[in-house]
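There are 2 protein chains.
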Amino acid sequence: MTLDEARARDAADPLRGFRQRFDLPEGVIYLDGNSLGALPKATAAAVADLTTRQWGERLIRSWNEGWIEAPLRIGDKIARLIGAAPGEVAVADSTSVNLFKLLTAALRANPDRRVILSEAGNFPTDLHIAEGVVAGIPGATLRVVPRDQLAEALDDKVAVLMLTHVHYKTAERFDMAAWTARAHEVGALALWDLSHSAGAVPADLNGANADLAVGCGYKYLNGGPGAPAYLFVAARHQAALVNPVSGWMGHAAPFDFADGYAPAPGIKRWLAGTPPVLSLAALEVGVDLMLEADPALIAAKSAALFDTFAAIGDALGLECVSPRDPAQRGSHISFRHPQAYPLCQALIAHGVIGDFRAPDILRLGLTPLYLGFEDVVRASAILADLLATGAYRDPQYAARHAVT
Amino acid sequence: MTLDEARARDAADPLRGFRQRFDLPEGVIYLDGNSLGALPKATAAAVADLTTRQWGERLIRSWNEGWIEAPLRIGDKIARLIGAAPGEVAVADSTSVNLFKLLTAALRANPDRRVILSEAGNFPTDLHIAEGVVAGIPGATLRVVPRDQLAEALDDKVAVLMLTHVHYKTAERFDMAAWTARAHEVGALALWDLSHSAGAVPADLNGANADLAVGCGYKYLNGGPGAPAYLFVAARHQAALVNPVSGWMGHAAPFDFADGYAPAPGIKRWLAGTPPVLSLAALEVGVDLMLEADPALIAAKSAALFDTFAAIGDALGLECVSPRDPAQRGSHISFRHPQAYPLCQALIAHGVIGDFRAPDILRLGLTPLYLGFEDVVRASAILADLLATGAYRDPQYAARHAVT
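Protein sequence lines correspond, in order, to chains D and U. Going letter by letter, the first sequence gives residues 1249 to 1652 in the working numbering. Going letter by letter, the second sequence gives residues 1249 to 1652 in the working numbering.
Now the structure itself:
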């Protein structure tokens, strides 16, 4: 694709207006929105209003003027992005803490089954948290197997099949409905980590009959660094599962200040402590913006950006480890390269920000709301130039050429 | 005290310069800084810089330009406020989640002891969390007794004595050193909740030989609504205690992306997920400001503000439930009144913001950094007027008189 062709594609892009809704730095092509989403233009004003007016002027009164409802209000908004119903999603804590809460609750509710099954190479915190959960439950074990052995390992000892919908490294995507059905066939629950899905690819929790899910707010949802995470509990499970981190914000009547814990009905019981309100304000802007975009257009543009990059990668002889079928992948493209680390550093030095994932992956995020075909063509021209000269292999290359 | 006398006291106050470091709304006397601290003037710019420059312009690069160190950097700063050493405090999660982590770890490390002992009427989330912790540990129990029965209940079955240093309702303060010593005599650990202490009254964890502690960032530390909380693990316990919420940020090498969890050495293992960076930025401003103030001056002014308010309360015939001895209390004053709720609402309607704690407590926070004697005299004049007429008993009174 030539630059002119790319510009023509961008001009015809029905999502093109969204780029102007973000503050993107000059001289940078940002291909890391799958790690930290870009800043929506509306966020600075929302954060300033939260700080100066809501906190500074209204002070404690703001708790009754929107803050206390924020975790479930924003949860209901995220629900619309992931195929959940109102009252099935809460914003709370981090993805790690939410995984801990849900996995612990699921194991406690089903004492006949003691196994959490997951995939080797799943995002580390998912495996780490599961390891911590089973360490605290007598007889419980974490079973971690390669993807191609999951079906075999999914037996009637499994309490929870914990999978990440889109793989953080390769972008491989599980068929959520099919794997949920397999879990249900053996009597297990399916828990999905949507961190690399929500806002990027179609995710339909209730369409897949999923049981539990978690996800993070700072990637495609553009909620800001370390934005609060979310969790989903299907309505049919809400009465039976109890939050082990039984903090006051999940109490049925937190302001009665009773000594005893009584879980709130519904999704509210999954809240624990007082939420970080400033960070919630930024998250809500990102979610609101994402809700304006047609998910079908996002998926189509993600596929087209990927295909453009993949074709250039092929021409450059790069090994693409991400699936070619759009239905089987997320919204980033990963190349395996023996010199992926210095290559990534050299790209960053030239303003193309992607990231390196050990040991040999160059990962480039394709965020349909604020990236265009021109970005892809420009980035790949820089990549081609680096590969052609090989100069990036010099350990001092990035430092000498850094423009950012 | 007359208004002129109060102004003279304020003029002679060595902390008077700090008031100008806060944005306080016109027409309000804010006596709820023990629930949500006021906004430091420097916060808006710090939050704007975090949003616009660090997130918007630097994007993912900011993780290596200060973000990743923030939880331990701010932890080390808070350590100086609470008598802890560098490397003993981390900022993470909420107070509730931190309590869950520490209590669970302490019980797991000591299988011969299965009891958490705490006080009836302790802050609810402390008791709720402890209830959740023991529910997940076979044989563990939560023993909750009135304050005057704690000594008797502290036996050799107790793993952790969990107390809140300053009581959220009455402001009663435990003698941290004496109760820690009592816990150690029977072989128990002492865990202190410093939420109403840090930044308000002297707290010297290592001076008291305390084992564990938690605390919140949004009260006297002025870190903003739902600011991240902190936890303390005495250096001597750090190797033996393992965070049950074993997330990637507490991993020894999080960016190696290994499947297995290996806890970081030191306090870092108590991190779990990705922290809310925007909220951390606001917290750091509040902590930095607090570090500028001499703790002895804060304690002395807190005592003097309290004595002023208590004397007026006596003259009005109000029942003060907070201790008269400054060494035995925190930095708020609480009056028991049968009509505390409508009285509190009427005060708020006249711009005096305190709060009501069920069933009959009017609680007024005395924050030495931004409150003066004139505030106390003005607030008590409004209180005296309301009590004299009794009009506040009319359920419509607050709505009719609301000015804020």
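Even for Gly, the Cβ is constructed at its ideal location relative to N, Cα and C.
### Closest by C-alpha distance to D:P1319, when choosing among D:R1267, D:S1443 and D:Y1478
D:Y1478
### Query
Assuming D:H1598 contacts D:N1282 under a Cβ cut-off of 8 Å, what Cβ separation, rounded to an integer in Å, is found between them?
Between D:N1282 and D:H1598 the Cβ distance is about 20 Å, and since that is not below 8 Å, they are no contact.
### Message
Just to confirm the assignment, what range does the beta strand (DSSP E) spanning U:E1367 have?
### Response
V1363 to E1367
### Task
Look at the alpha carbon of U:G1285 and the alpha carbon of U:L1610, and state the distance between them as a whole number of angstroms.
18 Å
#### Entry: From U:A1647, U:L1591, U:Y1278 and U:A1551, residue whose alpha carbon lies closest to that of U:D1261
U:A1551
#### Entry: Inter-residue spacing [alpha-carbon to alpha-carbon] between D:D1459 and D:A1353
12 Å
### Message
So D:T1373 contacts chain U; which residues on that side make the cut at Cβ distance below 7 Å?
### Response
G1495, W1496 and G1521
#### Entry: Closest by C-alpha distance to D:L1545, when choosing among D:R1584, D:L1489 and D:Y1618
D:Y1618
### Message
Applying the 10 Å Cβ sphere with the 16-neighbour rule, what's the burial state of D:G1265?
### Response
exposed
### Task
Compare the Cα-Cα distances from D:N1470 to each of D:G1620, D:L1351, D:D1536 and D:H1649 and report the closest residue.
D:D1536
### Task
List the residues of chain U that D:P1476 touches, going by C-beta distances under 8 Å, in chain order.
P1524
#### Entry: Closer than 7 Å at the beta carbon, the chain D residues around U:E1305
P1273
### Query
In the DSSP assignment, what residue or residues form a beta bridge with D:R1621?
First, the residue type needs correcting, since residue 1621 of chain D is Phe and not Arg in the sequence shown. Beta-bridge pairing links D:F1621 to no other residue.
#### Entry: CA-to-CA distance, U:G1447 to U:G1534, given in whole angstroms
10 Å
#### Entry: 6 Å CB neighbourhood of U:V1462 in its chain, flanking five on each side removed
T1343, N1346, L1347, D1441 and L1479
### Task
Mind the definition here: the stretch 1389–1397 of chain U touches the stretch 1523–1530 of chain D only if three or more C-beta pairs lie below 8 Å; say whether that holds.
no
### Message
For D:L1365 and D:A1636, I'd like the C-alpha separation in whole angstroms.
### Response
44 Å
### Task
Please report how far the alpha carbon of D:I1385 lies from the alpha carbon of U:P1492, in whole angstroms.
11 Å
### Task
Could you pull the start and end residues of the beta strand (DSSP E) that D:T1412 belongs to?
V1406 to T1412
### Message
Under 8 Å, CB to CB, which of the residues in the stretch 1384–1409 of chain U have a partner in chain D?
### Response
G1384, I1385, P1386 and V1392
### Query
By a C-beta neighbour count over all protein chains shown, 10 Å radius and 16 as the cutoff for buried, is U:G1578 buried or exposed?
buried
#### Entry: Endpoints, beta strand (DSSP E) assigned at D:S1582
H1580 to R1584
### Query
Can you give the beta carbon distance from D:P1616 to D:L1263, rounded, assuming they're within the 8 Å contact cut?
6 Å
### Query
Excluding five sequence neighbours on each side, which residues of the same chain lie with their C-beta closer than 8 Å to the C-beta of D:A1294?
A1529, A1530, E1532 and V1533
#### Entry: Coil, strand or helix - U:Y1478 by DSSP
strand
### Task
At 4 residues or longer, and completely inside the stretch 1489–1561 of chain D: list those alpha helix (DSSP H) runs for me, N to C.
1525–1540
### Neighbour flag for D:W1738 against chain U, beta carbons, 8 Å
Residue coverage of chain D in this structure runs from 1249 to 1652, which leaves residue 1738 of chain D outside it and unanswerable.
### Message
Judging by CA-CA distance, which residue of U:P1473, U:D1555 and U:D1573 is the nearest neighbour of U:G1620?
### Response
U:D1555
### Query
Just how far apart, CA to CA, sit U:G1369 and D:L1351?
31 Å
### D:V1624: contacting residues in chain U (beta-carbon distance under 8 Å)
Chain U residues near D:V1624: none, gap ~18 Å exceeds 8 Å.
### Straight-line gap, U:G1387 to D:E1317 (C-alpha atoms, nearest Å)
37 Å
### Task
Measuring alpha carbon to alpha carbon, tell me which of U:N1454, U:L1402, U:H1413 and U:A1419 ends up nearest U:E1433.
U:L1402
### Message
In whole angstroms, give me the CA-to-CA distance for D:Y1640 and D:L1591.
### Response
6 Å
### Length of the line joining the Cα atoms of D:P1450 and D:R1301
37 Å
### Query
Going by beta carbon distance, what residues of the same chain come within less than 8 Å of U:P1334, once the five residues before and after it are set aside?
D1324 and A1327
#### Entry: C-beta neighbour in chain U for D:F1348, strict 8 Å
yes
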